[in-house]
Each structure stands twice: as structure tokens, then as C-alpha cells.
Amino acid sequence: MRIGVEMIVAVSLTASASPACAQDFSWMFEEGKPASLRTVISGSMTPALLVGDRIAIFTQMRLPERGDILMFDHPNDDEQIPWVKRVVGLPGDRIKLSGGRLFLNGAEIARTLVREYAYLDPQDWESVITVSEYSEQFPGEAAPHLIHEFSDDEEGDETPEFTVPDGHLFMIGDNRDISYDSRAPTGQAIAAGAEAGDSAGADEDEEGSQEHSRAIGFVPMLNVVGRVRTVMMSLNPCNLTSAENAGAECLKPNINKRL
32 MRIGVEMIVA VSLTASASPA CAQDFSWMFE EGKPASLRTV ISGSMTPALL VGDRIAIFTQ
92 MRLPERGDIL MFDHPNDDEQ IPWVKRVVGL PGDRIKLSGG RLFLNGAEIA RTLVREYAYL
152 DPQDWESVIT VSEYSEQFPG EAAPHLIHEF SDDEEGDETP EFTVPDGHLF MIGDNRDISY
212 DSRAPTGQAI AAGAEAGDSA GADEDEEGSQ EHSRAIGFVP MLNVVGRVRT VMMSLNPCNL
272 TSAENAGAEC LKPNINKRL
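Add 31 to the 1-based position in the sequence shown for my numbering, that's all there is to it.
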């Protein structure tokens, strides 16, 4: 699965009529005016980004760093809407997953269990998702971020070692077991075929074509649209009664959240 984004028609930064409800958004403009505002439409970046979050994208940005959340155009399908993932690998980095653990340049990225819990699926209020929530921090990252795992035995928890080529990034979703990202082997096959001048996938069947259309492989830096700087608000309220009846939680909505 993946996270997608779509244009927001309009959004108001006007403070609420009630002073008690006013939010200070002035800090958003420390890096200039956001180029666009988008809506998160899937859960592959939970818990950092939730379904229904309104996010601000800044295009006047520094060079990408590990831990950045970026919006980018799909490398292998011009008709896809932009995707959003977290930067894990920079050019020259070696990335591998083994037993669900992330290895960067041969060293395991430490993770700390925060809690285990169940929450209502924001895309299906009748479904409950049970996860282990961990905290991890990449070398050079300013602060830790949270990730979700169903287990350490899911698709994508075992990969070969990838070496990120010049001018590219390795991107992974925080909701590790439902994120279709740079770990997908089909995406790496497309990238390898392109380098060899091969028309990868030209004779695929329909299923293989759909698989390739979701595979991003290494993401060229030229495909980066901008950095996700903030979540302005969440507009997908959870049904508290349904959550209680299911013995689950509602994900806490994001309001004026820095990333």
C-alpha cells in the first residue's frame, strides 16, 4: 500500500473567532511560503501523518537529509499522484532489512518499544489495526520518530542490501508493514533495467504491470516536489463510540504539528 496526496481546493489560516481556540501558525513561514497544501489519503505514514491530514509542502528546501518527510513524483509512472515517504538512505548509503530490523551502512538502527495498542482503521471504522509502536532515530536526524509494525515477519521485513546510487534517495513509510516503497523488488528491477537501456515490463501481464505501477525503487532527487513541513489539521474524525465498542483507540488528531 502507499500514501497519496491530492490538492486542497482552499484552506483558511484565519484564527477562530474564539480566542481560546486560536492556533498560532506563524512558525510555518520560517522557511518561506508553502507551495501547496495537500490531503493525506492513505495510512502508510502513520503515525506521523494520518488519513485526512492537511499538510503543507515547501519547495524552497535544503538538500534532503535522513529523516525528512518528502513528497515526490513517482519515478516509474507519470500518471500516479505524488507520494509521501521518509528519507532513509542518501546517495552511497547501504540499506537492508533483516527480521524487521533496519540496517544502515552495516549498523542496525536501534529501536525502542513505546507501546502496543489497537486503533480503529481510519479508512474502515469497522476494522481494528493492532500494532507495536517503536521509536527510532537515524544518524544525523535531529529527533526520533515513531514507526508502526504488525510484526517482524511481514513482506518487506527481509530484503537484500541496496546501495543508493548517486542523485537518488531510498524512501520508506513509517507504517512499515503497509507501505509500498523503495524496498519493493520490482521497483529495483525497473531501475536496473533503465540503467541497462532495457524496456522493463514491456511484455508483462496485467498483474505484473499493476505491481510495477506501485513500485518506486530508488527515488531520483529530481523527482522531489518538496518537504512536508507541518500538519495543519486532521479532518477525519474517529468515532469514539465505535472505538470503545471495539476495545480500540482513536488515533490522536494532528493540529498545528511540526515535522
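Glycine residues also receive a C-beta, built at the ideal position from the N, C-alpha and C atoms.
Computed from a prediction, not measured in an experiment: that's the story for all the values here.
Looking at the secondary structure, which residues open and close the beta strand (DSSP E) in which residue i lies?
i           : result
residue 261 : 255-265
residue 272 : Premise fails: residue 272 lies in the alpha helix (DSSP H), 271-277, not in any beta strand (DSSP E).
residue 88  : 84-89
residue 116 : 114-120
residue 149 : 142-152
residue 199 : 199-203
residue 167 : 155-167
residue 70  : 67-71
residue 100 : 100-103
Please identify the residue among the options whose C-alpha is closest to the C-alpha of residue i.
i           : options            : result
residue 153 : 93, 290, 283, 289  : 283
residue 246 : 72, 67, 77, 105    : 105
residue 107 : 197, 76, 96, 212   : 212
residue 203 : 70, 272, 102, 72   : 102
residue 136 : 86, 266, 192, 164  : 192
residue 155 : 260, 262, 74       : 74
residue 148 : 159, 138, 115, 140 : 159
residue 261 : 80, 93, 116        : 80
residue 179 : 186, 289, 164      : 164
residue 127 : 114, 183, 157, 214 : 214
What residues in its chain sit with their C-beta under 7 Å from that of residue i, if we drop five residues either side in the sequence?
i           : result
residue 199 : 122, 249, 250, 251, 252
residue 124 : 135, 136, 195, 201
residue 129 : 189
Once the 5 residues before and after residue i are set aside, which same chain residues still bring their CB inside 6 Å of it?
i           : result
residue 78  : 177
residue 255 : 101, 103
residue 98  : 169, 172
residue 111 : 105
residue 185 : 208
residue 175 : 166, 168
Residue i bridges to which residues according to DSSP?
i           : result
residue 188 : Looking at the DSSP assignment, residue 188 forms no beta bridge with any residue, so it has no partner.
residue 174 : The partner list for residue 174 (beta bridge, DSSP) is empty, contrary to what the question assumes.
residue 139 : 134
residue 128 : 133
residue 206 : 179
residue 194 : 125
residue 289 : 261
residue 284 : Paired residue(s): none; residue 284 is not in a bridge.
Look at the Cβ atom of residue i, then the Cβ atom of residue j, and state whether they are nearer than 7 Å.
i           : j           : result
residue 205 : residue 131 : no
residue 82  : residue 267 : yes
residue 208 : residue 181 : yes
residue 167 : residue 142 : yes
residue 264 : residue 93  : no
Sorted by chain position, which residues of the same chain lie with C-beta nearer than 8 Å to residue i's C-beta, five sequence neighbours on each side aside?
i           : result
residue 274 : 150, 151, 280, 281
residue 139 : 132, 133
residue 96  : 118, 121, 171, 172
residue 32  : Annotation note: pLDDT 40 at residue 32 (below 50); position unreliable, no value reported.
Should residue i be counted as a contact of the ligand GTP given a C-beta to heavy atom distance under 6 Å?
i          : result
residue 93 : Of ligands this structure carries none, so the ligand GTP is not represented either.
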